[in-house]
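A.B. asks: Right, I'll just put the structure down here and ask away after.
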Amino acid sequence: MLAYDSNAVSRHSWAASRGCAALRLHAMRKHFFVVMSALLCICARTSPADESARAQMKGLDEQVQEVKSDVLSIAAELNQLEEKLLYPSDTHLAVFVMLAHGETLRLDAVRIQIDGRPATHYIYSFKELDALRKGGVQRIYSGNIATGAHDIEVSVSAKLANGKDYTQTEHFPFAKEIKPKLLGVMLAGPDATQPGIHIGDW
Amino acid sequence: MRGPLHWLLMEMALAAVAARPSMAADLRDLYFGEALYQANQGQYFDALERLDAELAQHHRVDQPELDSLQYHIRQADFSVGDFELRYRMHLRAGRAIKAVLDADVDQPVKNEAAYRLARIEFQKDQPEDALHALERIQGTVPVNISDDVEFLRANVYLALGRPADAVEVLRRLQSAERLKGFTAYNLGIALLQAGHTPEALRQLDKAGQIESGATVTAAIRDKSNMVLGSFMLRSEDYAHAELAFDRVHLEGPYSNLALLSTGWADVSAHDYQKALTPWGVLIERDGTDAAVQEARLALPFAYSKLRVYGRAALLYGQALDSFGKELEKVDASTRSIRAGNFLKALVREEIKQDNLWVVRLRALPDTPETFYLTELMASNDFQTALQNYLDMEDLRRRLIVWQGGFNAFEDLIRLRHANYEPLLPQVDAHFRELDSRMRVRLDQRDHLQKRLQDILTAPRPALLATADERVALERLRRIETALRQAGGAEPAAEEARVQRLRGVLTWRLNTEYPERLTQAHKNLHALNDDVRALQERYTAFVRARQAAVHSYAGYDQPIRRLRTRVDEALEHVDTLLARQGHVIEAVAIDELNTRHQRLEAYQVQARYAVADSYDRALKERASGGTP
């Protein structure tokens, strides 16, 4: 890569070294182009060693993909088992939270109470809020309740686009039947076409 | 395996054509929305787990058209492919989309599916298949993806070594605002590949001057300038090379290389004085950077060319010191990697909160093993290996949690068993008793209903008599019988009285018959309501009784099977994790060895140059000049 090595240096006399400035310039320039090409990925060529490492990585990559498939299938089976064991359909209640389309509300926290008892209190990270804004739906609570009439209280703490605090609490009655109960809570700020907290039966 | 240029293009293509956020507008299926929520956070395992379960359930139901996922089924099929790809499951990605392509759906849907499949194939490094998928697009292409389709087509052509075709497509795309920068740069590269060098350089010059506030566009602009400058430098057009390098952002990822290159352009043009400025700035930057290290040799070289040998000797001496220190760092890094610290640093949770966590690693004082590896870590192959390692680590954590979960499940089942087993026999006995009483009452109700039904066709007022009236009629019957048997002196008078009384009762029963019949039906309806409530309670009890048993019975086999599967998967993951880790460490050590050799070479060169510069400085002083 470079024109000089330690043995070469020891062989050079001071007088001879004077003539080497041009050679040094050439070596440095050559090295510069090598470094630059590599960094810009313009004309770098892969060596056989690189190819071998890449082949090894590719083989491992395929095995990793197989394991991922296997673990995903275990996860699916485990989920079914968990749902059956922990949340049987006749008592299952799940509450989901979503933001109204285009909502700019900066959600800080959501608190849920069912029949006057705290069910969950969730504080949102930026990443989670962003995921909600992009149309994601968060399952905020999964639990069990008896069939019959119930009440859910949803409290929201947020900040508006103008920086003002926004808090809102709403109560909603709902009936739990034999089948699983899915409640979707839609949140919107005061400037939305349908402001406030809305609940839907899914 | 394709060359670096292919990867570069692919990188560019993916950055530009990356799937835009999926919007669950007008959402009908909450679980699909949940999958999007996970995916929007980059949690593709969770997203896939959710979406796989939803799709499997959708395909299992008897009437999928009534299922809530039906409304989103196409988006779900497309999303599952996207998620698989983003979770680096290339082998599996695209299966759902292929199914859409082969299904009996409208051409616009097929077009979108074909585009998505092409994108997946391109990312899988299979450009031939990508082109085949693109060729399946017919008729009108949805406006929202039409530019993306053409941009992808151009990149596929480039990957297939058909730059002339790519040029044709990219020329048409130059007005696409969203792809601004990417199309300009790729057109420059395509023209270069097609052999139209002058036009390519003009195009890269244009791409290097695009105005945009977007970070990605700024990065592609810098890259255009670097490529252009590099070509100009090789072509010995130093003025234009410098112009291109000067346009590179001073804080961007190419800034160090741009400063180094500017200096080289100046030196190549024999303007050593001018080279002092960029190189002087550069040597103050991070000492592990290859460009900075080279500048430490280049700057004193420029001074020596300016015959300022004293300054040159001083700077060479400083370079010598810094190379020594850097060599120590490289050795420390190598030792640290061999001790397994590199892999530990890579899986640190707190730094992964940041998208640039790999870069941030270098700033952590307790991770010396990463100081020299930023460039390596930014490379495509290393990123794939690293992401696989991180994915395996994530799977390992999940599997360990699941292993612990089985014990909790078994405990839960044991407690439920212990609770219900003694209770259920008593409950069942009580239930059987109530069940028989209930059946009797239900039979009575059915009997009443039947009688009322009969009365409607053949009126029988006596059947609607009250209890008192029935008692009175019975007494009258008994009196009549007694009178007939006694045969007394005034039987006729008594009989007449009885007849009169019977007549009164008969009169009442007949005259009140319609009202009584109506009331009887009302009473029956009221009874039906009570019976319905009773039956609901009965059904609820039966379900609760079944649920009690289902809460602890029948889990042994599934848990045993799952436990075995988890144990086996964990073993497999541990093996792969070790292998992947070993590959990463080996590549990292290899990179450090290269940097070590380069630093040693720099050191030798600096050592020689120090002596040379001192010698020249002394000679200069002796001859009366400025040392």
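Respectively, the protein sequence lines represent chains X and Y.
Number 197 in this note's numbering belongs to position 188 of the first sequence; there are no gaps in the numbering.
Number 1325 in this note's numbering belongs to position 329 of the second sequence; there are no gaps in the numbering.
Glycine included, each C-beta is placed from N, C-alpha and C at the ideal position.
Given the structure is predicted, the values throughout are model-derived calculations rather than measurements.
Suppose only complete runs of 4+ residues qualify. What are the alpha helix (DSSP H) ranges in the region 140-184 of chain X, listed by chain order?
C.D. replies: Complete alpha helix (DSSP H) runs here, min 4: none at all.
A.B. asks: Quick one: what's got a C-beta closer than 7 Å to Leu-1278/Y's C-beta in the same chain, skipping five residues either side?
C.D. replies: Around Leu-1278/Y: Asn-1252, Leu-1255, Leu-1256, Ala-1287, Val-1288 and Ala-1291.
A.B. asks: For Ile-1580/Y, which of helix, strand or coil comes out of DSSP?
C.D. replies: Helix.
A.B. asks: Taking C-beta to C-beta, are Ala-1203/Y and Gly-1225/Y nearer than 8 Å?
C.D. replies: No, the Cβ-Cβ distance between Ala-1203/Y and Gly-1225/Y is not below 8 Å.
A.B. asks: Short of 7 Å Cβ to Cβ, which residues in the region 1428-1453 of chain Y face chain X?
C.D. replies: So nothing in the stretch comes that close.
A.B. asks: Return the bridge partner residues of Gly-193/X from the DSSP annotation.
C.D. replies: For Gly-193/X, which the question treats as bridged, DSSP gives the partners Phe-105/X and Gly-209/X.
A.B. asks: List the DSSP bridge partners of Pro-127/X.
C.D. replies: DSSP output for Pro-127/X lists Gln-122/X as bridge partner(s).
A.B. asks: Which term fits Asn-1415/Y, buried or exposed, when burial requires 16 or more other beta carbons within 10 angstroms of its beta carbon?
C.D. replies: The residue is exposed, with fewer than 16 neighbouring Cβ atoms inside 10 Å.
A.B. asks: Run down chain X in chain order and give the residues with a C-beta less than 8 Å from the C-beta of Asn-1221/Y.
C.D. replies: Chain X residues near Asn-1221/Y: none, gap ~11 Å exceeds 8 Å.
A.B. asks: Is the distance from the Cβ of Asn-1140/Y to the Cβ of Phe-1118/Y below 8 Å?
C.D. replies: Not a contact, by the Cβ cut-off of 8 Å.
A.B. asks: Using the C-alpha atoms, what's the distance from Ala-1035/Y back to Ala-1536/Y?
C.D. replies: When rounded, the distance between both Cα atoms is 39 Å.
A.B. asks: Can the beta-carbon of Ser-983/Y be found closer than 8 Å to that of Gly-1276/Y?
C.D. replies: Residue numbering for chain Y in the displayed model covers 997 to 1623; residue 983/Y lies beyond these limits and cannot be assessed.
A.B. asks: Identify the contact partners of Asn-88/X in chain Y, using a Cβ-Cβ distance below 8 Å as the criterion.
C.D. replies: Going along chain Y in sequence order, the residues near Asn-88/X (Cβ under 8 Å) are Glu-1045 and Ala-1049.
A.B. asks: Since I believe Val-80/X is in contact with Leu-1395/Y (beta carbons under 8 Å), could you give me their beta-carbon distance rounded to a whole number of angstroms?
C.D. replies: At roughly 7 Å, the Cβ-Cβ gap stays under 8 Å, so Leu-1395/Y and Val-80/X are in contact.
A.B. asks: Helix, strand or coil for Ile-132/X? Go by DSSP, reduced to three states.
C.D. replies: Strand, per DSSP.
A.B. asks: In whole angstroms, what separates the C-alpha of Asp-1431/Y from that of Asn-1403/Y?
C.D. replies: If you take the alpha carbons of Asp-1431/Y and Asn-1403/Y, they lie about 39 Å apart.
A.B. asks: May I ask you to list the residues that DSSP assigns as paired with Arg-1504/Y?
C.D. replies: Bridge partners of Arg-1504/Y: none, in fact.
A.B. asks: Do you know how far the Cα of Ile-1093/Y is from the Cα of Asp-1073/Y?
C.D. replies: Computed Cα separation, rounded: 6 Å.
A.B. asks: Given that Ile-187/X touches chain Y, what residues does it touch there, using C-beta distances under 7 Å?
C.D. replies: Going along chain Y in sequence order, the residues near Ile-187/X (Cβ under 7 Å) are Arg-1539.
A.B. asks: Identify the contact partners of Pro-1554/Y in chain X, using a Cβ-Cβ distance below 8 Å as the criterion.
C.D. replies: Going along chain X in sequence order, the residues near Pro-1554/Y (Cβ under 8 Å) are Glu-86 and Leu-90.
A.B. asks: Just tell me which of Gln-72/X, Ser-61/X, Thr-202/X and Arg-63/X has its CA closest to the CA of Thr-1571/Y.
C.D. replies: The shortest C-alpha separation from Thr-1571/Y is found at Gln-72/X.
A.B. asks: Who are the neighbours of Asp-1377/Y on chain X, taking C-beta pairs under 7 Å?
C.D. replies: Under the 7 Å cutoff, chain X gives Arg-63 and Met-66.
A.B. asks: Of all the options Leu-95/X, Ala-103/X, Ser-164/X and Arg-120/X, which has the alpha carbon lying nearest to the alpha carbon of Lys-185/X?
C.D. replies: Nearest option by C-alpha distance: Ala-103/X.
A.B. asks: Roughly how many whole angstroms lie between the Cα atoms of His-1266/Y and Leu-1229/Y?
C.D. replies: Distance between the alpha carbons of His-1266/Y and Leu-1229/Y is about 13 Å.
A.B. asks: Sorted by chain position, which residues of the same chain lie with C-beta nearer than 7 Å to Ala-201/X's C-beta, five sequence neighbours on each side aside?
C.D. replies: For Ala-201/X, where only same-chain residues beyond five positions count, the Cβ hits under 7 Å are Ala-109 and Glu-112.
A.B. asks: Indicate the three-state DSSP secondary structure (helix, strand or coil) for Asp-99/X in the structure shown.
C.D. replies: Correct three-state label for Asp-99/X: coil.
A.B. asks: If we ignore side chains and look at the alpha-carbon of each, how far apart do Ala-1458/Y and Leu-1505/Y end up?
C.D. replies: In a straight line, the C-alpha of Ala-1458/Y is about 7 Å away from that of Leu-1505/Y.
A.B. asks: Leaving aside the five residues before and after Ile-123/X along the sequence, list all residues of the same chain whose C-beta is less than 6 Å from its C-beta, in chain order.
C.D. replies: Answer for Ile-123/X: Ile-161, listed in chain order.
A.B. asks: Look at the alpha carbon of Ser-166/X and the alpha carbon of Ile-187/X, and state the distance between them as a whole number of angstroms.
C.D. replies: Going by the C-alpha atoms only, they are around 33 Å apart.
A.B. asks: Decide if the region 1529-1546 of chain Y is in contact with the region 1471-1484 of chain Y; the criterion is three or more beta carbon pairs, one per stretch, under 8 Å apart.
C.D. replies: Because the criterion of three Cβ pairs below 8 Å is not met, the region 1529-1546 of chain Y and the region 1471-1484 of chain Y do not touch.
A.B. asks: Using the C-alpha atoms, what's the distance from Ala-1049/Y back to Leu-1023/Y?
C.D. replies: Approximately 18 Å between the Cα atoms of the pair.
A.B. asks: Please list, in chain order, all residues of the same chain as Glu-179/X whose beta carbon is under 6 Å from its beta carbon, the five residues on each side excluded.
C.D. replies: Val-163 and Ile-206, listed in sequence order.
A.B. asks: Return the CA-CA distance between Gly-157/X and Ser-1547/Y, expressed in angstroms with no decimal places.
C.D. replies: Taking the straight line from one Cα to the other gives about 21 Å.
A.B. asks: Here's the rule: buried if 16 or more other CB atoms are within 10 angstroms of the residue's CB, otherwise exposed. What is Trp-1260/Y?
C.D. replies: Classification for Trp-1260/Y: buried.
A.B. asks: At a Cβ cut of 9 Å, what residues of the region 138-151 of chain X count as close to chain Y, listed as they run along the chain?
C.D. replies: Hits within the stretch, in order: Asp-139, Ala-140, Leu-141, Arg-142, Lys-143, Gly-144, Gly-145, Val-146, Gln-147 and Arg-148.
A.B. asks: Please tell me whether Pro-1017/Y has its Cβ less than 8 Å away from any Cβ of chain X.
C.D. replies: With a pLDDT of 37 at Pro-1017/Y, under the threshold of 50, the modelled position of this residue cannot be trusted; read the value that follows with caution. Closer than 8 Å to some Cβ of chain X, the Cβ of Pro-1017/Y qualifies, so yes.
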